[in-house]
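> Structure below; questions to follow.
Numbering (the working numbering), first residue to last: 295 to 598.
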């Protein structure tokens, strides 16, 4: 293992620990000001769906982008946690019987299995709305204009024109297989939109220039494509014990992916290309970009 890889993995673990600690604190049963109460079972389901391990990659990307551009660390941590709430809500809802119908998530029972379907829906709803609470709260020490920009950009990434719309396209793809362009659009929405926000959001937290923000956005788009391509490849080549969730689902449902269209060798080559292109976008930042460049390679090469 190289020094750069070792430093990246150390930073990733540290960020995950800090993200988990703040999320744990925010999801306590003690009501916040203006909250009437926090039902015990609902809070337990929210914690089950969000405090179950994971690499916390999206908050990590946001924090690293903000740090590279000189942004405030505490605010970046809080916005990263808000982003993780959105991501976890989406997983809870995606796992429901009406959607992907999964029993396992990160090696543990999914929320609707550990609790029930109604509680899982409400836990997802609550995490979704709580994300915007975290950004808007006074504890997130950013200028109001930056908070507004974060809320708008995250809402666009998570809603009908982003992640949620991508899930709708994904469900439709089980009935009518899209062409290659359709698959790319689906994946850019369902998976790529939040990863793109993670990188662009870090630039917003830092109050960066429009040029910096666009460069980080483009970086996020590249790694978003790589993340989903790696996921599709692992669905073919890995197993449930390694992944912590069911594999082989795409083939079983006849769902078209870029891997099914082009094969595993093409996918591996394309992942290498995407990692290199993403890394090249950050060359103007010199050594400050090293961790994010390592992240691009990590996403392309991941095994779980």
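Heads up, the beta-carbon is just placed ideally off N, CA and C, and yes, glycines get one too.
Note that this is a predicted model, so its numbers are computed, not measured.
May I ask you to list the residues that DSSP assigns as paired with residue 399?
Looking up residue 399 in the chain shown gives position 105. Its beta-bridge partners are 402.
> Check whether the Cβ atoms of residue 598 and residue 587 sit closer than 8 Å, and answer yes or no.
Here residue 598 refers to the residue found at position 304 when the chain shown is read from its first residue. Here residue 587 refers to the residue found at position 293 when the chain shown is read from its first residue. Their beta carbons are not under 8 Å apart, which means residue 598 does not touch residue 587 by this criterion.
> What would DSSP say about residue 528, mapped onto helix, strand or coil?
Walking along the chain shown from the start, residue 528 turns up at place 234. It is helical.
> Measure from the C-beta of residue 525 to each C-beta in chain B and report whether the shortest distance is under 8 Å.
The structure shown contains no chain B; it holds only a single protein chain.
> Which two residues bound the contiguous alpha helix (DSSP H) that contains residue 554?
Your numbering for residue 554 matches position 260 in the chain shown. Counting along the chain, the alpha helix (DSSP H) containing residue 554 begins and ends at 552 to 556.
> According to the Cβ coordinates, are residue 372 and residue 434 closer than 8 Å?
Taking the chain shown and counting its residues from 1, one reaches residue 372 at position 78. Taking the chain shown and counting its residues from 1, one reaches residue 434 at position 140. Closer than 8 Å, so yes.
> Let me know if residue 485 comes out buried or exposed under the rule of 16 or more other beta-carbons within 10 Å of its beta-carbon.
Position 191 of the chain shown, counting from 1, holds the residue named residue 485. Buried, because 16 or more other Cβ atoms sit within 10 Å of the Cβ of residue 485.
> Just to confirm before moving on: does the CB-CB distance between residue 477 and residue 521 stay below 8 Å?
Here residue 477 refers to the residue found at position 183 when the chain shown is read from its first residue. Here residue 521 refers to the residue found at position 227 when the chain shown is read from its first residue. Cβ atoms of residue 477 and residue 521: not closer than 8 Å.
> What whole-angstrom Cβ distance do residue 411 and residue 390 have, given they're in contact under 8 Å?
For the purposes of this step, residue 411 is taken as the residue at position 117 of the chain shown. For the purposes of this step, residue 390 is taken as the residue at position 96 of the chain shown. About 6 Å separates the two Cβ atoms, so the contact holds.
> Using alpha carbons as the reference points, say which of 582, 575, 487, 529 lies closest to residue 557.
The residue labelled residue 557 in the question sits at position 263 within the chain shown. Of the listed residues, the one whose Cα sits closest to residue 557 is 529.
> Tell me, to the nearest whole angstrom, how far the beta carbon of residue 517 is from that of residue 448; I am working on the premise that it is less than 8 Å.
As a first step, residue 517 must be located in the chain shown, where it is residue number 223. As a first step, residue 448 must be located in the chain shown, where it is residue number 154. Between residue 448 and residue 517 the Cβ distance is about 18 Å, and since that is not below 8 Å, they are no contact.
> Nearest-angstrom Cα distance between residue 440 and residue 346?
In the chain shown, the residue the question calls residue 440 occupies position 146. In the chain shown, the residue the question calls residue 346 occupies position 52. Roughly 30 Å between the two C-alpha positions.
> If you pair each beta-carbon of the stretch 356 to 370 with each one of the stretch 493 to 509, do three or more pairs fall below 8 Å?
yes
> What are the boundary residues of the alpha helix (DSSP H) that includes residue 437?
Position 143 of the chain shown, counted from the first residue, corresponds to residue 437. Neither: residue 437 is in no alpha helix (DSSP H) and is coded neither H nor E.
> Would you call the CB atoms of residue 418 and residue 387 closer than 8 Å?
Numbered from 1 along the chain shown, position 124 holds the residue referred to as residue 418. Numbered from 1 along the chain shown, position 93 holds the residue referred to as residue 387. Yes. Within cutoff.
> Find the nearest neighbour of residue 527 within the set 310, 561, 515, judged by alpha-carbon distance.
Translated into positions along the chain shown, residue 527 becomes position 233. Considering only alpha carbons, the answer is 561.
> Helix, strand or coil, according to DSSP, for residue 305 in the structure here?
By 1-based counting over the chain shown, the position of residue 305 is 11. Residue 305 falls in the helix class under three-state DSSP.
> Should residue 549 be labelled buried (16 or more other beta-carbon atoms within 10 Å of its own) or exposed?
Mapped onto the chain shown, residue 549 falls at position 255. Buried, because 16 or more other Cβ atoms sit within 10 Å of the Cβ of residue 549.
> Could you tell me which whole alpha helix (DSSP H) segments of length 4 or greater appear in the stretch 347 to 406?
351 to 362, 367 to 388
> Please classify residue 515 as buried or exposed, where buried requires at least 16 other C-beta atoms within 10 Å of its C-beta.
Taking the first residue of the chain shown as position 1, residue 515 is located at position 221. The residue is buried, with at least 16 neighbouring Cβ atoms inside 10 Å.
> Taking the straight line between their C-alpha atoms, what separation do you get for residue 375 and residue 523?
On the chain shown, residue 375 is found 81 positions in, with the first residue counted as 1. On the chain shown, residue 523 is found 229 positions in, with the first residue counted as 1. Cα to Cα, residue 375 sits roughly 25 Å from residue 523.
> Go through the stretch 436 to 510 residue by residue and report every complete run of the alpha helix (DSSP H) that reaches 4 residues or more, in order.
With a minimum length of 4 residues, the continuous alpha helix (DSSP H) runs that stay inside the stretch 436 to 510 are 438 to 452, 457 to 466, 474 to 481, 487 to 499.
> For the alpha helix (DSSP H) containing residue 411, list its first residue and its last residue.
As a working mapping, residue 411 is identified with position 117 in the chain shown. Taken as a continuous stretch (DSSP letters only), the alpha helix (DSSP H) holding residue 411 covers 411 to 430.
> Just how far apart, CA to CA, sit residue 395 and residue 577?
Position 101 of the chain shown, counted from the first residue, corresponds to residue 395. Position 283 of the chain shown, counted from the first residue, corresponds to residue 577. The alpha-carbon atoms of residue 395 and residue 577 are separated by roughly 42 Å.
> Starting from residue 593, trace the alpha helix (DSSP H) both ways and give me its first and last residue.
Translated into positions along the chain shown, residue 593 becomes position 299. Counted as a single uninterrupted DSSP element, the alpha helix (DSSP H) harbouring residue 593 occupies residues 584 to 595.
> Can you name, in chain order, every residue of its own chain whose Cβ lies under 8 Å from the Cβ of residue 555, other than the five neighbours on each side?
Mapped onto the chain shown, residue 555 falls at position 261. Setting aside the 5 residues that flank it on each side, residue 555 is surrounded in the same chain by 474, 477, each with a C-beta closer than 8 Å to its C-beta; the list follows chain order.
> Between the C-alpha atoms of residue 570 and residue 500, what's the straight-line distance to the nearest angstrom?
Residue 570 sits at position 276 when you count from the first residue of the chain shown. Residue 500 sits at position 206 when you count from the first residue of the chain shown. In this structure, the straight-line span from the alpha carbon of residue 570 to that of residue 500 is close to 25 Å.
> At a threshold of 7 Å, does residue 429 count as lining the ligand SAM (C-beta to nearest heavy atom)?
Among the components modelled here there is no ligand, and therefore nothing to report on the ligand SAM.
> Short check: CB of residue 451 to CB of residue 488, under 8 Å?
On the chain shown, position 157 is the one that residue 451 refers to. On the chain shown, position 194 is the one that residue 488 refers to. Taking 8 Å as the Cβ cut-off, residue 451 and residue 488 qualify as a contacting pair.
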